[in-house]
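Q: Residues in the sequence shown are numbered from 8 upward in steps of one, following the working numbering.
Backbone N, C-alpha and C define an ideal beta-carbon position, used for all residues, glycine too.
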Amino acid sequence: MRNLFATSLYRLSLPRSGPTDLAAQPADPWPGDTSVANDMFQGRYRFAGQEIHQSNQPPWTQAPPSAQWQLEASSFGWLRHFGAGGGAAARQGARELVRSWIVANEDFDPLTWAPEVMGRRLMAWTSHAAFLLEDADPPFRQVFLSALDRQARHLGRAWSMAPPGADRLAALAGLMLASATLDPTGRRANNLIHHVTAEVSAQVMADGGHVSRNPSELLETLRTLIWLNTGLEAAAVPVPTGVPEAIARMAPMLAFFRHGAGGFCLFNGSSE
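#1: At 3 residues or longer, and completely inside the stretch 43 to 109: list those beta strand (DSSP E) runs for me, N to C.
#2: Closer than 7 angstroms by C-beta to residue 34: which residues in its own chain qualify, once you throw out the five before and the five after it? Chain order, please.
#3: Taking buried to mean at least 16 other C-beta atoms within 10 Å of its own C-beta, is residue 31 buried or exposed?
#4: Helix, strand or coil for residue 161? Go by DSSP, reduced to three states.
#5: Do three or more CB pairs link the stretch 40 to 57 to the stretch 191 to 205 at distances below 8 angstroms?
#6: Please report the straight-line C-alpha distance between residue 71 and residue 122, rounded to a whole angstrom.
#7: Unbroken alpha helix (DSSP H) runs of length 4 or more, entirely within the stretch 214 to 249: which are they?
#8: Near residue 102, which residues of its chain fall below 7 angstroms by C-beta distance, leaving aside the five closest residues on each side in sequence?
#9: Between residue 22 and residue 157, what straight-line distance do the alpha-carbon atoms span, to the nearest angstrom?
#10: Based on Cα-Cα distance, which residue from 255, 264, 206, 247 lies nearest to residue 220?
#11: Output the boundary residues of the alpha helix (DSSP H) element that contains residue 10.
#12: Below 8 angstroms on the Cβ atoms is my contact criterion, and I expect residue 136 with residue 235 to pass it. Report the Cβ-Cβ distance as a whole number of Å.
#13: For residue 128, report the span of its alpha helix (DSSP H) as first-last.
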């Protein structure tokens with residue numbers, strides 16, 4: 008299937024033009040850190056424990072130091088750091104990084120277009136879309152909304168190819184937030200409710216633990232569900248049944264996995 012995604016015929020099946028405006032505005036529940044945005048303004052891009060320095064050019068113009076660096080950078084969680092500071096300079100800096108990434112990654116790539124990476128990217132793009140589009144010039148507006156719609160259409164076909172667990176839920180969460188953002192009728196988001204409900208039921212156990220019994224997987228799943236819940240509420244879109252209840256069960260279990268000094272229990276493949 009991935010070979011098909013890379014063909015010119017498949018590219019023609021994705022829309023080239025997107026909507027002209029947002030149907031809704033999800034929210035990012037996590038606080039940003041303006042010092043991280045300042046570092047990126049100065050050309051220091053640190054992801055997955057590795058840093059590259061690229062003055063006066065976006066980081067996509069050079070080879071990434073590792074696949075993990077590229078995955079984290081292409082997930083765009085760092086947009087919240089620009090949003091935390093606000094202001095015209097922060098918006099312009101964030102827009103240039105987004106625009107240059109879109110140009111560099113316009114076509115299918117097995118890493119940056121992986122459904123779990125795309126899902127996390129769409130969670131970030133939709134939650135910070137209003138920030139990016141405020142006072143934006145028409146060319147950026149068109150490029151951004153077209154890329155958002157194009158990737159959402161692709162993810163609608165590919166989300167089930169994400170690895171089982173937190174990654175698959177992230178793909179679904181990104182698709183649902185993008186659907187809420189792009190479709191004023193609400194149909195696209197409503198069509199995903201039963202998929203989200205089924206994934207939550209399959210992954211979150213009655214005691215609040217994750218089916219993998221991996222504390223890191225529990226943390227990642229909980230973060231995704233909190234973001235999905237917050238984003239849909241802000242967009243005035245119904246939250247899938249079971250999501251708030253799962254969050255309420257998972258939070259105490261996550262606290263249980265913390266040592267007294269605040270560190271994380273390390274077993275079943277988890278990491279600090």
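A: The structure says:
#1: 51 to 54, 57 to 60
#2: By 1-based counting over the sequence shown, the position of residue 34 is 27. For residue 34, where only same-chain residues beyond five positions count, the Cβ hits under 7 angstroms are 134, 237, 238, 241.
#3: Position 24 of the sequence shown, counting from 1, holds the residue named residue 31. Residue 31 is buried by the Cβ-count criterion.
#4: Within the sequence shown, the letter at position 154 stands for residue 161. Looking at residue 161 - three-state DSSP - the assignment turns out to be helix.
#5: no
#6: Taking the sequence shown and counting its residues from 1, one reaches residue 71 at position 64. Taking the sequence shown and counting its residues from 1, one reaches residue 122 at position 115. Cα-Cα distance, rounded: 20 angstroms.
#7: Within the stretch 214 to 249, the complete alpha helix (DSSP H) runs of at least 4 residues are 222 to 241.
#8: If you number the sequence shown from 1, residue 102 lands on position 95. Correct list, in chain order: 139, 143, 147.
#9: Taking the sequence shown and counting its residues from 1, the one referred to as residue 22 is at position 15. Taking the sequence shown and counting its residues from 1, the one referred to as residue 157 is at position 150. C-alpha of residue 22 to C-alpha of residue 157: approximately 6 angstroms in a straight line.
#10: Within the sequence shown, the letter at position 213 stands for residue 220. If we check each option's Cα against that of residue 220, 264 comes out closest.
#11: Position 3 of the sequence shown, counted from the start, is the residue given in the question as residue 10. It spans 9 to 12 - the alpha helix (DSSP H) in which residue 10 sits, taken as one unbroken run.
#12: As a working note, residue 136 is residue 129 in the sequence shown. As a working note, residue 235 is residue 228 in the sequence shown. Their Cβ separation, rounded to whole angstroms, is 16 angstroms, which puts residue 136 and residue 235 out of contact at 8 angstroms.
#13: In the sequence shown, residue 128 corresponds to position 121, counting from 1. In the DSSP annotation of this structure, the continuous segment of the alpha helix (DSSP H) that includes residue 128 starts and ends at 122 to 134.
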